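These notes are about the structure you will find just below.
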């Protein structure tokens, strides 16, 4: 049985983050930069998907950095009395990304997704061999 390890993330001094590792009765604080937090966050989200039993297994020792994150579902909503659009994307691993958009970026995102959806459904054109 694996020893119990608890991880948490806390705000550190200005413009920094700390990963708190609790294991074996000890607490270790690992300060990381915002850039390191972004890289680690992407890798952990990719790992949560890759380690899902529905996905094909990854060989032990494989470096996990980033990847395409398959969505299981999505929903849209708003906060601040409808002034701030939100896109929630639930990954197959169960992780949920809540993306806060500006009204104009929500419109542009929706238009781009609509265009990509149409393109992906369109039959291939051109000569067939």
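In this note's numbering, the protein residues as written are 1162 to 1290.
From the three backbone atoms N, C-alpha and C, an ideal C-beta is built for every residue, glycine too.
Predicted, not measured: the structure shown is a model, and the values here were computed from it.
Cutoff 7 Å; reference residue 1204; Cβ partners in own chain excluding five residues on either side | 1225, 1226, 1227
Inter-residue Cα distance where the pair is residue 1179 and residue 1215 | 32 Å
Beta-bridge pairing of residue 1180 - partner residues as DSSP gives them = 1170, 1191
Would the segment 1228 to 1242 and the segment 1206 to 1213 be scored as touching if the rule is three or more Cβ pairs under 8 Å?
-> yes
Can you tell me where the beta strand (DSSP E) with residue 1232 in it begins and where it stops?
-> 1232 to 1240
CA-to-CA distance, residue 1254 to residue 1198, given in whole angstroms = 20 Å
How long is the line joining the alpha carbons of residue 1193 and residue 1171, rounded to whole angstroms?
-> 10 Å
From residue 1241 to residue 1270, what does the alpha carbon distance come to, in whole angstroms?
-> 20 Å
Helix, strand or coil at residue 1247 [DSSP, three-state] = strand
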